[in-house]
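Take a look at the structure below.
Protein chains in written order, with the working numbering: chain B, 9 to 422; chain F, 9 to 422.
If you want it as structure tokens, here you go:
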């Protein structure tokens, strides 16, 4: 079945704010085999809203409206849906009472405006919203003689998502022809996107019943494989078969077969080897440490490290000899190696990482251009150094460099 | 004048990818007084595309299509616009030649498919695309007897944005009645969103000719004031007047009157006072350092610091006495103070910061719940400590804590 999501709110037609609820809802809809054919973003104008709703009803079976259910004059979704479907709006006595109870509980004054939230479209089922004052609504109705499902859900993500899960999804499951969905997410590090596509396209294009989505960010490729079949076994088998062939093609670029993040994989391997890690960062300025510590429980394997942004700190926190810096420059393979070794010894960690480079936008030379990064990984046996040159702005170079640092640890531990 | 942006591509109807070009285009359109009334996201199906284009032509004056101009079978924007406007498509000889030259330059084979990109809609002006192979197109045409402007621009952001700036904007300026836009961005730190709105709504709601947008993230409020008038002076005067009243109301919550980031402001004050900064982070795990070093040139005032995730590192890098940790716990005001003082002395910085806390999702107690953060700022005269409790998940608590740390430095230097 085909659906359209309509996100309501003038703020989403500014340069500053974007609808994000629809990504979540799309994931849930896809899981039961419902595709999203259109998304429309419309402001708080009754005429525009009615036009958008009528267009949606004419071209899809399921229309989901997000937002515009609050108490202000700008909140017009209820009115617009009623008008588009030529249904009446009535004020629901039980909802009015609930609003009064809510206001009393929170010791808030009860403005007349608030009562708008008790307006219910004729024939609609009220969907309780435990996280806010405006309930959702569910309509199983007809438009131009065709059956249509219409849902009104509140806009704040902490209200929208649970209400959609708890109230809309069970009702949809009961109506939508049953399909089973299997999903797998694979991840690979540091492989160029074009190379990944060249390797993988000849494989996944032959699986026309599996939808493959490739998402690339700095040094990270995420592949999502989705298959919908009348039985879960059939769907899972197709996804697993394709995943297996892709894993083989990606070889050791692949770091995750089940969607884990690179940080999680690095911590997993550290735990497995009973190893600990410490980092000395210059150009990434704490980004490697921040990424690792974003994972709960990272303290079991990650000791910490030093952000050695100035040269004296490279010496005092990571034991880098000042004459090494004078001889090779702070951005050099030699200093990266000394940082990795120094931070390892200073912290007593099993592994030490050193990252130094030129993130830009200034500071590049002919010999060492902007984007040049030196990395080192050190253990008790040896210290390996790596030279890389990444393209892009300061943020992008730092993202690539931190990704490369994490991937070097993964490869060291593999 | 009213516009609609149509983003074309099935990948934007998955849970994984979102249109972002439209935010940029909206900003540019607003600058010349063109509002965006609708955004539509539509997949690579000819029927859906034609339906979306016809709806847009019926309800707005300017229709901008992003994407679907590439060489594959899925790239159908040219065909769909031609069909929606009942215009013919012709293969342009000069464009065919340009594609052959491009293929030769890059030593790439010239597939027959590629030539699709040379198809031009009757009466369209070709818009050169120096960053890709598919040119844009500009149509000044009629639909149901009304004048309509229709633009086709490529989807990749590095092609879309320059082409829109260089080719579409000058043509739009020549057609759209001239309006002048004044914009100001104010920023405030650590004020709760509800409190900001309570303070500011009575002010900005009286300026009906200035559009105020409030954007809140962890501990950071951004206010954008936009006014469009027949002269720049008139627009600037209204924006500056409203900005002045808001600045007064926000008092010392306000940190920026011209849109600078909190990191930039902290570095600005450090430079002004010829002061240097070093940080010792536990729960934020490098996030404070990473944020500061995201600013180019931060090395002039930021020395670096230590990520003292383990207790022994708190001692070896930030001089925290082990018995202090044993007595008060690693998460305590006393340890935060010792970290700030220790890192300041160890690095020779003017100011030291210490951050320790419980980011979650586990590790909370009745006395020190998840979200409890202790911060300290130390200079040669004294060390001040602060206790905060932030709500939300691990990432959100860390974001709030890093924001609070930066804001404490700002207040110290003010």
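The C-beta atom is built at its ideal place from N, Cα and C for all residues, glycine as well.
Which parts of the segment 299 to 355 of chain B are runs of the beta strand (DSSP E), unbroken and 3 residues or longer, counting only runs that do not cross its ends? 310 to 315
Candidates F:38, F:102, F:153 and F:75, of which the one nearest residue 9 of chain F by Cα: F:38
Member of B:161, B:211, B:70 and B:323 whose CA lies at the smallest distance from the CA of residue 40 of chain B: B:70
If you draw a straight line from the alpha carbon of residue 132 of chain F to that of residue 17 of chain F, how long is it in whole angstroms? 22 Å
When the Cα of residue 51 of chain B is compared with those of B:65, B:157 and B:81, which residue comes out closest? B:81
Here's a check: name, in chain order, each residue in its chain whose Cβ is nearer than 8 Å to the Cβ of residue 247 of chain F, leaving out the five neighbours to either side. 190, 191, 192, 218, 233, 234 and 235
Whole-angstrom distance between residue 30 of chain B and residue 206 of chain B, CA atom to CA atom: 31 Å
Using a beta-carbon distance below 9 Å, is residue 63 of chain F in contact with chain B? yes
Residue 361 of chain B and residue 379 of chain B look like a contact to me (Cβ under 8 Å); what is the Cβ gap, rounded to whole Å? That belief does not hold up - the Cβ atoms of residue 361 of chain B and residue 379 of chain B are roughly 19 Å apart, past 8 Å.
Min CB distance residue 304 of chain F to chain B below 9 Å: yes
Say whether chain B places a C-beta atom closer than 9 Å to the C-beta of residue 314 of chain F. yes
Three-state secondary structure (DSSP) at residue 169 of chain B? helix
Residues that residue 382 of chain F bridges to, as DSSP identifies them: F:364 and F:395
Is the beta carbon of residue 357 of chain B less than 9 Å from the beta carbon of residue 383 of chain B? no
Who are the Cβ neighbours of residue 387 of chain F in its own chain at under 6 Å, not counting the five residues just before and after it? 359
Using the beta-carbon count (16 or more within 10 Å), is residue 240 of chain B buried or exposed? exposed
Do the segment 294 to 303 of chain B and the segment 286 to 297 of chain F touch if we need at least three Cβ pairs shorter than 8 Å? yes
Select from the segment 273 to 302 of chain B all residues with a C-beta closer than 9 Å to any C-beta belonging to chain F, and list them in chain order. 284, 286, 287, 289, 290, 291, 292, 293, 294, 295, 296, 297, 298, 299, 300, 301 and 302
Pull the bridge partners of residue 154 of chain F from the DSSP assignment, please. F:151
Residue 226 of chain F versus F:401, F:49, F:420 and F:11, residue with shortest Cα-Cα distance: F:401
Looking at the C-beta of residue 225 of chain B, does it have a partner C-beta in chain F at a distance below 9 Å? no
Rounded to whole angstroms, what is the Cα-Cα separation between residue 86 of chain B and residue 25 of chain B? 23 Å
Is the CB-CB distance between residue 169 of chain B and residue 32 of chain B below 9 Å? yes
State the beta-bridge partners of residue 359 of chain B as determined by DSSP. B:285
Specify the secondary structure class of residue 53 of chain B as computed by DSSP and reduced to three states. coil
Candidates F:27, F:22, F:14 and F:129: closest to residue 45 of chain F by CA position: F:14
Please decide whether residue 310 of chain F counts as near chain B, where near means a Cβ-Cβ distance under 9 Å. yes
Starting from the C-beta of residue 244 of chain B, find all residues in its chain whose C-beta is less than 6 Å away, skip the five residues before and the five after it, and write them out in chain order. 190
Measuring only the C-alpha atoms, how far is residue 375 of chain B from residue 407 of chain B? 22 Å
Please confirm if the segment 195 to 206 of chain B is in contact with the segment 255 to 266 of chain B, defined as three or more CB-CB distances below 8 Å between the two stretches. yes
Compare the C-beta of residue 21 of chain F against all C-beta atoms of chain B and say whether one is closer than 9 Å. yes
For residue 64 of chain B and residue 58 of chain F, the rounded distance between their alpha carbons: 14 Å
When you compare the CB of residue 83 of chain F with every CB in chain B, is at least one pair closer than 9 Å? no
Quick check on the DSSP output: the alpha helix (DSSP H) that includes residue 34 of chain F runs from which residue to which? 29 to 39
Distance cutoff 9 Å, beta carbons only. Does residue 60 of chain F sit that close to anything in chain B? yes
Work out the CA separation of residue 107 of chain F and residue 148 of chain F for me, nearest whole Å. 26 Å
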